[in-house]
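In what follows, a single structure is set out as structure tokens and then discussed.
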Amino acid sequence: MVSVVIPTYNAGNYLPGLLDALAGQTLAHELIIVDSTSRDNTQAILRGRNIPFHEVSPASFNHGGTRNLAMSFTSHPVVIMMTQDALPVHPDTLKNLVAMLLRDENIGMAYGRQLPYPEAGILSQFARMTNYPAESRLKAWKDIPSLGIRTCHCSNSFAAYKKADFQAVGGFPTDTILGEDVVLAAKLITSGKSLAYCAEAAVYHSHDYTLTEEFRRYFDIGAFHQQQEKLLQPFTGAESEGLKYVIQEWKYLAGNNHLTLIPAQIMRTAVKLVGYKLGKWQQHLPLSLKQKISMHTSFWKN
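Going by the working numbering, the sequence shown opens with residue -17, and the numbers climb by one from there.
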């Protein structure tokens, strides 16, 4: 038996399908819900299904801190982190992820494959295909020269942890705007542990961001890299990996008869780059501006 942790906020559109999918999983689990005082029918859905939940205020939500709090409520040595919009593809999804995690005592964390929702746009489809390939693999310190920043790439949208290893590196950081999963993965790797990617454990999870959302998201990514610069220093090459991705994206669009999307893709790339560079320079910006252009306004308020 394992614990499954899901932070929620206005999750009413996702919960029925997600709860049904979890109820159909072949791996027994306890469900830990931490809700940020949702304003929709999230809590009513949970009460209607007799699912207990813990409540925190939206102002106090913190990607790392709230998940640390949820971890303290868990009863089992293996904990799966999910987000409200990640939908298990197969009844063995949880089972396969945990099997990968427990395959080797040196594996401290395992994260699963993310597939695009059927209605996802072409760029979202490419992002999921590139970042979550069909082959599983292990990543460790020795892979940094070849993988760079991608060595610690992972996602709490669907990831499993050994609680003992999680606690040994201090849990999630509470001082990071996002990327608490990447920070923990980097700590595990630098402590000698391995990170596992399990392609056999898949969830549907994708987003079609607007240009404004892309700008704000990449501002936060840039701020994250600046704030965690010391920890991430061994995992070099974030910007060079970004360039490789753009070139691959161009080739994908051209190879799949989507040449007409390339001008829009160039514009989107420019917006991402400006947001990222501005985020890397965030310590020189006024707090009021950071609150306006960030996706995570509460982080700057706190």
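Just so it is clear, CB atoms sit at the ideal spot from N, CA and C, and this is done for glycine as well.
These figures come from a predicted structure and were not determined experimentally.
Contact between the segment 166 to 174 and the segment 125 to 139 is present: 3 or more CB-CB pairs across the two stretches fall below 8 Å. Taking the Cα positions, residue 271 is about 15 Å away from residue 159. Distance between residue 116 and residue 72, taken at the CA atoms: about 15 Å.
A residue is called buried once 16 or more other Cβ atoms fall within 10 Å of its Cβ, and residue 157, having fewer, is exposed. The C-beta distance from residue 84 to residue 62 rounds to 12 Å, too long to fall under 8 Å, and the pair is not in contact. According to DSSP, residue pairing for residue -10 in a beta bridge involves 17. Residue 140 sits close to residue 185, with the two beta carbons spaced by under 8 Å. Inclusion of residue 178 and residue 92 in the CB contact set at 8 Å is warranted, their separation being smaller than that value. Only residues of its own chain outside the window of five on either side were considered, and among them 114, 181, 184 have a CB closer than 6 Å to the CB of residue 95, listed in chain order.
Inside the segment 206 to 274, DSSP marks whole alpha helix (DSSP H) runs of 4 or more residues at positions 211 to 214, 220 to 237, 244 to 262, from first to last along the chain. Bounds of any alpha helix (DSSP H) do not take in residue 94; it lies within the beta strand (DSSP E) bounded by 89 to 97. Sorting 263, 212, 60 by C-alpha distance to the C-alpha of residue 143 places 60 at the top. For residue 254, the CB contacts under 7 Å within the same chain, skipping 5 residues up- and downstream, are 196, 200 in chain order. Taken through DSSP and simplified to helix, strand or coil, residue 175 comes out as coil.
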